[in-house]
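In the numbering used here, the protein residues as written are -4 to 55.
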């Protein structure tokens, strides 16, 4: 699953422009990304000017 510390490291070592993630109902496990993890990833993205593209294929 998406680890904020790995994302932060990637932002430090590469030119990251966007993060594509599926925070709700990830296949095949059906797992959910917790609110604290979502906020931390958003903080890292904001600090590094990285776009977040959420794939919410199950959203209504």
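Cβ atoms here follow ideal geometry from the backbone N, Cα and C, with glycine treated the same way.
DSSP has residue i in a bridge; who is on the other side?
i          : result
residue 49 : 16
Residue i and residue j: beta carbons closer than 7 Å?
i          : j          : result
residue 3  : residue 39 : yes
residue 45 : residue 11 : yes
Roughly how far, in whole angstroms, is the beta-carbon of residue i from the beta-carbon of residue j, given that I think they are within contact range, below 8 Å?
i          : j          : result
residue 35 : residue -1 : 4 Å
residue 19 : residue 51 : 6 Å
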